[in-house]
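Visitor:
Numbering (this note's numbering), first residue to last: 792 to 1074.
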């Protein structure tokens, strides 16, 4: 039986649950919400299976870091050139010949994370491969998970997973994903649709709507963060995503944050990955 953990009971004050508008009232309403898991995922399924990758190139970038190697990755997929940023641990940071690799996806209205930020993964002994695509906004996702912009990014994400498993020095059985907002939705979809599944997935405030349709397909453990003040990714919809999961899962709810990066949750993400792959914790 899968394991399910959440801090929801710590945030609900029983005496306030009946008062509309309070955190306790909202969480009582959200607790068992499962949404509408009937979205048409046929285009996503087709996108995830049509992955003829051609012309893979890995171009090294010299940042003079003895503990990490940096490269730009590109390949053709259906006539489109997909770009990514790759960082690998080296020297004293490399713990084994084959290392775990994190697929990283960014949010709406934001570009790919910078090289400096992603180097944290190399310091922990992980490689990271981040999708470097054009920035889109919420207006591009009005059809939820059937939005062409989302389907396209899930296809690129599944292709990145395929590429990652065939890169020298990467452990094909330890491919995992992390994303915020749109990136969280892409990470979840890739985990659900990838032919081999991912080892684990971490996501914060995932979007777009309809992701709960994919939740039961996710394999590997999941860590999910939700901000109750989020006005971009509906918190109630996020509960539907989490409640639809059937794998080992943990939900951390933040009452006082909106659609933003939460440093405390990023620490939880690091801890989650370390416990998954190296049986160690920051605690």
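Each residue gets a CB set at the ideal place from its N, CA and C atoms; glycine is no exception. Here the structure is a predicted model, which means the values were calculated and not measured.
1. If distances are taken between C-alpha atoms only, which option among 1063, 1026 and 865 comes closest to residue 824?
2. Taking all protein chains shown into account, decide if residue 809 is buried (16 or more other Cβ within 10 angstroms of its Cβ) or exposed.
3. Judging by CA-CA distance, which residue of 1063, 984, 929 and 1045 is the nearest neighbour of residue 998?
4. Could you tell me the distance, in whole angstroms, from the CA atom of residue 799 to the CA atom of residue 957?
5. Quick one: give me the first and last residue of the beta strand (DSSP E) that residue 995 is part of.
6. Could you tell me the alpha carbon to alpha carbon distance between residue 974 and residue 895, rounded to whole angstroms?
7. Use the C-beta contact count for residue 868: other C-beta atoms within 10 angstroms, 16 or more gives buried, fewer gives exposed.
8. For residue 898, count neighbouring C-beta atoms within 10 Å of its own C-beta (all shown protein chains included) and say buried if the count is 16 or more, exposed if not.
9. Using a Cβ distance threshold of 8 Å, determine whether the segment 938–958 contacts the segment 902–916, with at least three qualifying pairs required.
10. Per DSSP, residue 922 forms a beta bridge with which residues?
11. Expressed to the nearest angstrom, what Euclidean distance is found between the alpha-carbon atoms of residue 785 and residue 842?
12. Pick helix, strand or coil for residue 916, following the three-state DSSP scheme.
13. Determine the contact status of residue 1006 and residue 979, defining contact as a CB-CB distance below 9 Å.
14. If we ignore side chains and look at the alpha-carbon of each, how far apart do residue 1074 and residue 822 end up?
15. Start and end of the alpha helix (DSSP H) containing residue 1069?
16. Going straight from the alpha carbon of residue 1045 to that of residue 846, what length do you get?
17. Helix, strand or coil: which one does DSSP assign to residue 1018?
18. Which same chain residues end up closer than 6 Å to residue 893 when comparing Cβ atoms and leaving out the 5 residues on each side of it in sequence?
19. Assign residue 1029 to buried or exposed, taking buried as 16 or more other Cβ atoms, counted over all protein chains shown, within 10 Å of its Cβ.
20. In terms of residue numbering, what span does the beta strand (DSSP E) encompassing residue 967 cover?
Guide: Taking the definition as stated:
1. Working through the chain shown from its first residue, we reach residue 824 at position 33. Looking at the Cα atoms, 1026 is the closest of the given residues.
2. As a working mapping, residue 809 is identified with position 18 in the chain shown. Counting Cβ neighbours within 10 Å, residue 809 comes out exposed, since fewer than 16 surround it.
3. Along the chain shown, read from residue 1 onward, the residue named residue 998 stands at position 207. Of the listed residues, the one whose Cα sits closest to residue 998 is 929.
4. Locating residue 799 in the chain shown gives position 8, where the first residue counts as 1. Locating residue 957 in the chain shown gives position 166, where the first residue counts as 1. Cα to Cα, residue 799 sits roughly 40 Å from residue 957.
5. Sequence index remark: in the chain shown, residue 995 carries index 204 (1-based). First-last of the beta strand (DSSP E) with residue 995: 991–995.
6. Taking the first residue of the chain shown as position 1, residue 974 is located at position 183. Taking the first residue of the chain shown as position 1, residue 895 is located at position 104. When rounded, the distance between both Cα atoms is 7 Å.
7. Working through the chain shown from its first residue, we reach residue 868 at position 77. Classification for residue 868: buried.
8. Looking up residue 898 in the chain shown gives position 107. Under this definition residue 898 is a buried residue.
9. no
10. On the chain shown, residue 922 is found 131 positions in, with the first residue counted as 1. Paired residues: 875.
11. The structure shown does not extend to residue 785, since the chain is modelled only from 792 to 1074, so the question has no answer here.
12. Translated into positions along the chain shown, residue 916 becomes position 125. Coil at residue 916, not helix or strand.
13. Here residue 1006 refers to the residue found at position 215 when the chain shown is read from its first residue. Here residue 979 refers to the residue found at position 188 when the chain shown is read from its first residue. A contact, by the Cβ cut-off of 9 Å.
14. Numbered from 1 along the chain shown, position 283 holds the residue referred to as residue 1074. Numbered from 1 along the chain shown, position 31 holds the residue referred to as residue 822. Its pLDDT being 48, under 50, residue 1074 is placed unreliably by the model, and nothing is read from it.
15. The residue you call residue 1069 lines up with position 278 of the chain shown. Per DSSP, residue 1069 belongs to the alpha helix (DSSP H) from 1054–1069.
16. Position 254 of the chain shown, counted from the start, is the residue given in the question as residue 1045. Position 55 of the chain shown, counted from the start, is the residue given in the question as residue 846. One C-alpha to the other measures close to 43 Å.
17. Within the chain shown, residue 1018 is the residue found at index 227, counting from 1. It is a strand residue.
18. As a first step, residue 893 is located in the chain shown; it is residue number 102 there, counting from the start. Cβ neighbours of residue 893 beyond the five flanking positions: 912, 917, 919, 967 and 969.
19. Along the chain shown, read from residue 1 onward, the residue named residue 1029 stands at position 238. So residue 1029 counts as buried.
20. For the purposes of this step, residue 967 is identified with residue 176 of the chain shown, where counting begins at 1. Residues 961–971.
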